[in-house]
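The structure under discussion appears below in the form of structure tokens.
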Amino acid sequence: MDESELTDKPRLASKAMLRHDNVRDVELLLLPERVVLLNKSGAAILGLCDGNRTVQQVVEQLEQDFEATDLLNDVMTFLKDARGRGWVVT
Amino acid sequence: MTGIPQPFGLLAEVTHQCPLHCVYCSNPVELFERSDELTTDDWLRAIRQAAELGVLQVHFSGGEPLVRGDLETLVAECRGLGLYTNLITSGLGLTERRAESLVSAGLNSAQLSIQGDTAESTNLVAASKRFDKKEAAARIIRDAGLPLNMNVVLHRVNLDRLDAIIDVCVSWGAERLELANTQYYGWALRNRELLLPSKTQLDEAVAVYERRKAELAERMELLWILPDYYEPYPKPCMGGWAQTALTVAPDGRVYPCPVAEEITTMEFASVRDHDLKWIWAESPAFQAFRGTDWMPDPCRSCSRKELDFGGCRCQAFALTGDAGRTDPVCIHSSDHHLVQDALDRANGGDGADPDTDREQLVYRRPTVSARRS
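Chains as they are written, first to last, in our numbering: chain A, 35 to 124; chain B, 216 to 588.
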């Protein structure tokens, strides 16, 4: 892992919209011509990608919120995939 | 609403007015006038009802939606309800100021159409000389911070130019391009003899698509909308009748798909008279072809019936006059000769000839003679 990746400040792409769907009671990522159904952790990670927090801070926040440890690898894997799909930019 | 699916998308056809006259337009042959259109309040009510129903994305289309001066009001209502908005535009009429005001209202994305890779080919297909406006619109969309999605309808007259068309979209900065092979409804069905490509022409275009898709993988997403006449089985149209999306036409009538207005044997309700929830969940037209119970054979006993849902009801009606029959595209349909005959003609004659085409193509225009009695 590249150390610099921890200090990246990921943010949701401007074309993407994160929302809770009250009708279906699910977390969704809305994109042009596409709706992505997110699991709880995916929604939590994307919800913290505000362009201010570093990856390190996102991980710390999630570990606190979910009362969990060692989430770094999972978060990095998710963010790499999300970047590749254009959901997140850094 | 047990057993009734929830729609994800609303196609808001806010007007039929359009500066283009595309020969394959999916609008009905009978076009509405401005005086037939829903008011702003009608649309606001329909949008609120759509959100309650589960709609997440609203696609503003037409005609050319920019013709409506109240588009910002409608977009702002969507934003307030948490709905994702998309502007489907010809690009004509899109100024920097208009783009800014739409983005301020909350617009999330835009899809820009092109008809060909040059001014001349655009004029042949759309009877418009303003290809330059499209390039300007692409820049305006990107400068406004919106993702630029593009689409082009493919047919006999422009398939050979696919490489150049893709080049145009790359150079204009598109991040996604829909290559939509013509579907034969409305104006396209009227012009089918001139639009249906030969198998050779199509195979060459598929090779171009596959090569460019691999080349552009990181840069631009390419989507290939299948030319269903050349498929052995019908498309799973709209994911089945009244399953995932709905269309509100300029006059307020509601359809399970944008071309269902062509089915003249069915009664479709309007948001002027009914709540969208009732129309979606209970109206006879929306219930008519939901699920698989309505199916005749060969669909009823077919193992593919949950895959393609009997194909497209609008196509069944357009070709046979009965919306309840199997889509004639299917090789098992007893009406398949209706498609096969058209294919035989497309593969028998000469290629496209712009001069002949210009004389014979029927351009989309609001003509009195086209109106049904």
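Every residue, glycine too, gets a C-beta built ideally from N, C-alpha and C.
Asked, Found
"What residues in the segment 446-473 of chain B have a beta carbon less than 7 Å from any beta carbon of chain E?", "Absence of chain E from the displayed structure is noted, the protein chains being A and B."
"Compute the beta-carbon to beta-carbon distance between proline 513/B and alanine 531/B, rounded to the nearest angstrom, for a pair I have assumed lies under 8 Å.", "Incorrect: roughly 13 Å between the Cβ atoms, too far for contact."
"Starting from the Cα of valine 340/B, find the closest Cα among Ser324/B, Arg519/B, Tyr239/B and give me that residue.", "Tyr239/B"
"Count the other CB atoms within 10 Å of the CB of aspartate 443/B; is the residue buried (16 or more) or exposed (fewer)?", "buried"
"Taking contact to mean 3 or more Cβ pairs, one atom from each stretch, closer than 8 Å, check whether the segment 58-76 of chain A and the segment 267-278 of chain B are in contact.", "yes"
"Could you check how far apart the C-beta atoms of tyrosine 399/B and leucine 417/B are, in whole angstroms? I think they sit under 8 Å.", "With 8 Å as the limit, tyrosine 399/B and leucine 417/B do not qualify as a contact, their Cβ atoms being about 14 Å apart."
"Contact between the segment 394-412 of chain B and the segment 363-378 of chain B is defined here as three or more beta-carbon pairs at a separation below 8 Å; is this criterion met?", "yes"
"Nearest-angstrom Cα distance between leucine 411/B and glutamate 94/A?", "58 Å"
"For valine 554/B, count the other beta carbons within 10 Å of its own beta carbon; 16 or more makes it buried, fewer makes it exposed. Which is it?", "buried"
"Look up isoleucine 262/B in the DSSP assignment and say whether it is helix, strand or coil.", "helix"
"Would you kindly report the start and end of the unbroken beta strand (DSSP E) that includes asparagine 396/B?", "391-396"
"Strictly by DSSP, which residues pair up with serine 276/B?", "Glu228/B"
"Comparing alpha-carbon positions, which option in Ser498/B, Met481/B, Gly295/B lies nearest isoleucine 219/B?", "Ser498/B"
"Residues of the segment 39-66 of chain A in Cβ contact with chain B at a cutoff of 7 Å, in chain order, please.", "Ser48, Lys49, Met51, Arg53, Asp55, Val57, Arg58, Leu62, Leu64, Pro66"
"Which chain B residues sit within Cβ distance under 9 Å of valine 69/A?", "Phe223, Gly224, Leu271, Gln272, Tyr299"
"Report yes or no: is there a C-beta of chain A within less than 7 Å of the C-beta of glycine 360/B?", "yes"
"DSSP three-state label for lysine 114/A, please.", "helix"
"Interface residues of chain A around asparagine 323/B at Cβ under 8 Å?", "Lys49, Met51, Leu64, Pro66"
"How would you write the range of the alpha helix (DSSP H) that tryptophan 493/B sits in, first residue to last?", "491-496"
"Could you pull out every residue in the same chain whose Cβ sits closer than 8 Å to the Cβ of arginine 117/A, ignoring the five residues on either side in sequence?", "Pro44, Val123, Thr124"
"How long is the line joining the alpha carbons of leucine 522/B and glutamine 90/A, rounded to whole angstroms?", "45 Å"
"For leucine 437/B and valine 385/B, what's the separation of their Cα atoms in angstroms?", "11 Å"
"Quick one: Cα of glycine 388/B to Cα of leucine 361/B, how far?", "11 Å"
"Any C-beta of chain A sitting closer than 7 Å to the C-beta of isoleucine 356/B?", "no"
"Between which two residues does the alpha helix (DSSP H) carrying histidine 54/A extend?", "Note, histidine 54/A: premise wrong, no alpha helix (DSSP H); beta strand (DSSP E) at 51-55."
"Could you spell out the range, first to last residue, of the alpha helix (DSSP H) harbouring asparagine 338/B?", "334-341"
"For isoleucine 494/B, which residues from the same chain have a beta carbon less than 6 Å from its beta carbon, with the 5 sequence-adjacent residues on both sides left out?", "Val469, Ala484"
"For tryptophan 439/B, does the three-state DSSP call read helix, strand or coil?", "strand"
"Looking only at DSSP bridge pairs, what is aspartate 84/A linked to?", "Arg45/A"
"Any C-beta of chain A sitting closer than 7 Å to the C-beta of proline 220/B?", "no"
"For the candidate residues Ser319/B, Glu477/B, Arg313/B, whose alpha-carbon lies nearest to that of alanine 464/B?", "Glu477/B"
"Run the CB neighbour count on aspartate 285/B, radius 10 Å, all protein chains shown included, and call it buried at 16 or more, exposed below.", "exposed"
"Let's see if you can read the secondary structure: which residues bound the beta strand (DSSP E) around leucine 62/A?", "60-65"
"Can you tell me whether glutamine 98/A is helix, strand or coil according to DSSP?", "helix"
"With distance defined between alpha-carbon atoms, name the residue in Cys233/B, Leu259/B, Arg260/B, Asp256/B nearest to arginine 249/B.", "Cys233/B"
"When we look at the beta-carbon of alanine 325/B and count the other beta-carbons within 10 Å, is it buried (16 or more) or exposed?", "buried"
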